[in-house]
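Quick note: the sequence shown uses this note's numbering, first residue 428, plus one each step.
Every residue, glycine too, gets a C-beta built ideally from N, C-alpha and C.
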Amino acid sequence: MQETTQQAAPNSLVPTASSRFVRACLRQPVDRTPVWFLRQAGRYMPEYMAVRKHHSLLDICRTPEIAAEVTITAAERLGVDAAIIFADLLLPFTPMGLDFEFVNGEGPVVHQPIRTLEQIQALRTDRADELSYVARAIEKVVAHFKAPRSPEGPNSDPAGDQLGIIGFIGAPFTLASYMIEGSGSRNYIEAKKLMYSQDGSWPLLMEKLITVLVAYAAQQVEAGADVIQIFDSWAGALSVSDYRQYCLAPTTELVQRVQALGVPVIYFGVDTASLLPTMKETGADVLGLDWRVPLDVGWQSIGHTRAVQGNLDPITLFAPQDVLKARVLEVLKAADKRTGHIFNLGHGIVPGTPVDNVIQVVKWIKEYGNL
Ligand code: CP3
């Protein structure tokens with residue numbers, strides 16, 4: 428009897444939907460379109476660069492106080508409706524036994540890329556707890572943002588709405604392609620060679636990644652993440668047939684196991700216009716759209732039973748204000764006041780983006796995003 432009362436209720440992790448961001452993910456009514464930005468904490472922001480002067484990217488990720496500070500500063504500076512935890516997609520490689528580093532100007536580099544079944548067999552899946560620094564950072568962000576926002580102040584909200592806290596993980600294909608290629612890639616030759624191999628390598632790699640990613644997502648949800656975003660940044664390199672044959676089942680398993688933790692899942696990829704109807708089959712609550720597909724066309728191809736996130740071209744943020752405003756309004760118009768639209772970019776903010784333009788977009792969404 429006592430045992431049962433001490434157990435967490437099965438629905439204790441279900442978000443209270445106290446933020447318009449989470450409500451939009453669930454396609455519940457909101458007072459206005461919520462807004463946040465992919466890569467909202469990053470090198471375009473002077474506050475981030477000031478921290479980066481003294482700490483490497485990995486130091487920031489692995490120090491909960493600093494990761495939380497960077498996350499909070501970006502969300503408050505911009506006045507957005509959600510904060511994505513500052514971390515990196517590749518962090519799970521370390522406890523899996525795969526060393527990597529960020530080489531300045533080149534992005535991530537894996538020194539001994541995965542190319543054989545033996546290497547995959549050697550990957551560890553039992554050390555996800557070593558990633559708990561991300562959960563500690565989320566706890567700090569939650570503690571900061573859990574109170575409703577006051578009507579005044581740096582991150583004010585007239586409705587007293589709470590900020591949504593987003594945790595994230597990589598999708599199996601995107602993480603596998605980094606492990607195999609060893610860096611970003613143009614043609615994904617090595618990744619696809621391993622994917623097409625018939626020796627059991629690919630299913631084993633998918634299975635190991637899922638094991639680690641589910642444990643890592645569970646830590647983030649337990650720490651207070653309201654939503655988990657799954658980044659499949661390189662899925663657009665796949666044909667629909669290859670996506671369906673090699674990636675749909677593992678990604679579906681991942682999405683469904685993360686949803687079983689009690690949170691909505693946003694599934695995002697780039698260059699995915701032709702993949703969207705298949706990506707929908709994963710069961711994700713929200714699909715992220717890149718800017719190459721008009722939002723209404725992308726949403727139509729998924730069906731309006733799912734929420735969508737997107738999809739301003741991030742480079743529009745370099746345009747004169749009238750051009751930028753027209754494009755922002757175009758995205759809102761394409762969403763047609765339907766419930767379940769989260770305004771975002773079609774991919775991350777790039778270095779050099781004028782911060783004031785990003786802030787201005789938030790102001791326009793607050794002004795014109797009324798539903
Ligand atoms: O504000 C946020 O969005 C949270 C922070 C965040 C980072 N990485 C920090 C980071 C997020 C969400 C990521 C995810 C990530 N990491 C992705 C998926 C997102 C996407 O763009 O599709 C990918 C592919 C990675 C792997 C990765 N990390 C790459 C390819 C690079 C180099 C890219 C570049 O712009 O040079 C990184 C480095 C990285 N991760 C930076 C940041 C802020 C920039 C480098 C730095 O600060 O030194």
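Beta-carbon proximity of residue i to residue j, cut-off 8 Å
| i | j | result |
| --- | --- | --- |
| residue 606 | residue 654 | no |
| residue 603 | residue 659 | no |
| residue 786 | residue 505 | yes |
| residue 693 | residue 452 | yes |
| residue 593 | residue 511 | yes |
| residue 638 | residue 552 | yes |
| residue 591 | residue 486 | no |
| residue 562 | residue 642 | no |
| residue 461 | residue 745 | no |
| residue 564 | residue 495 | yes |
| residue 707 | residue 733 | yes |
| residue 548 | residue 572 | no |
| residue 454 | residue 767 | yes |
| residue 702 | residue 676 | no |
| residue 617 | residue 542 | yes |
Cα-Cα separation between residue i and residue j, rounded to whole angstroms
| i | j | result |
| --- | --- | --- |
| residue 690 | residue 713 | 12 Å |
| residue 488 | residue 560 | 8 Å |
| residue 428 | residue 568 | Because residue 428 sits at a pLDDT of 33, beneath the cut-off of 50, its placement in the model cannot be relied upon, and the point is left open. |
| residue 456 | residue 687 | 23 Å |
| residue 478 | residue 626 | 46 Å |
| residue 555 | residue 519 | 7 Å |
| residue 610 | residue 704 | 29 Å |
| residue 574 | residue 678 | 34 Å |
| residue 483 | residue 779 | 19 Å |
| residue 792 | residue 726 | 19 Å |
| residue 750 | residue 743 | 8 Å |
| residue 796 | residue 524 | 46 Å |
| residue 497 | residue 798 | 31 Å |
| residue 576 | residue 646 | 26 Å |
| residue 756 | residue 781 | 19 Å |
| residue 631 | residue 619 | 15 Å |
| residue 472 | residue 640 | 29 Å |
| residue 515 | residue 570 | 21 Å |
| residue 466 | residue 794 | 23 Å |
| residue 499 | residue 723 | 32 Å |
| residue 557 | residue 774 | 29 Å |
| residue 545 | residue 615 | 21 Å |
| residue 502 | residue 748 | 22 Å |
| residue 583 | residue 760 | 26 Å |
| residue 772 | residue 683 | 25 Å |
| residue 480 | residue 491 | 17 Å |
| residue 789 | residue 758 | 13 Å |
| residue 754 | residue 783 | 16 Å |
| residue 474 | residue 667 | 41 Å |
| residue 540 | residue 531 | 19 Å |
| residue 433 | residue 669 | Low local confidence applies: a pLDDT of 35 at residue 433 is under 50, so the model's placement there is unreliable, and no value is given. |
| residue 464 | residue 448 | 12 Å |
| residue 521 | residue 644 | 16 Å |
| residue 681 | residue 700 | 21 Å |
| residue 450 | residue 636 | 30 Å |
Residue i beta carbon near ligand 2 (any heavy atom closer than 7 Å)
| i | result |
| --- | --- |
| residue 650 | Because ligand 2 does not appear in the structure shown, any question about it cannot be addressed here, the ligands present being ligand 1. |
Residue from the options whose Cα sits closest to the Cα of residue i
| i | options | result |
| --- | --- | --- |
| residue 764 | 453, 446, 458 | 458 |
| residue 621 | 515, 608, 466 | 608 |
| residue 776 | 792, 669, 718 | 718 |
| residue 698 | 740, 733, 731 | 740 |
| residue 664 | 790, 600, 498 | 600 |
| residue 526 | 550, 447, 616 | 550 |
| residue 696 | 724, 735, 676 | 735 |
| residue 529 | 684, 517, 579 | 517 |
| residue 720 | 450, 683, 737 | 737 |
| residue 586 | 514, 767, 446, 759 | 446 |
| residue 671 | 644, 623, 715, 636 | 623 |
| residue 469 | 454, 513, 490, 682 | 513 |
| residue 534 | 612, 543, 648, 685 | 612 |
| residue 629 | 673, 711, 595, 667 | 673 |
| residue 685 | 444, 669, 648 | 648 |
Contact with chain B by residue i, beta-carbon distance below 8 Å
| i | result |
| --- | --- |
| residue 466 | Judged by its chain identifiers, the structure shown contains no chain B, having just a single protein chain. |
Every unbroken alpha helix (DSSP H) inside the stretch 554 to 620 [4 residues or more]
Restricting attention to alpha helix (DSSP H) runs no shorter than 4 residues, the stretch 554 to 620 encloses them at 559 to 572, 599 to 608, ordered along the chain.
Inside the stretch 659 to 722 only - alpha helix (DSSP H) runs reaching at least 4 residues
675 to 686, 703 to 707
Mind pulling the beta strand (DSSP E) runs of 3 or more residues that sit fully within the stretch 744 to 790?
Runs of the beta strand (DSSP E) inside the stretch 744 to 790: 768 to 772.
Sequence ranges, alpha helix (DSSP H) only - wholly within the stretch 439 to 514, length at least 4
447 to 452, 473 to 479, 484 to 489, 491 to 505
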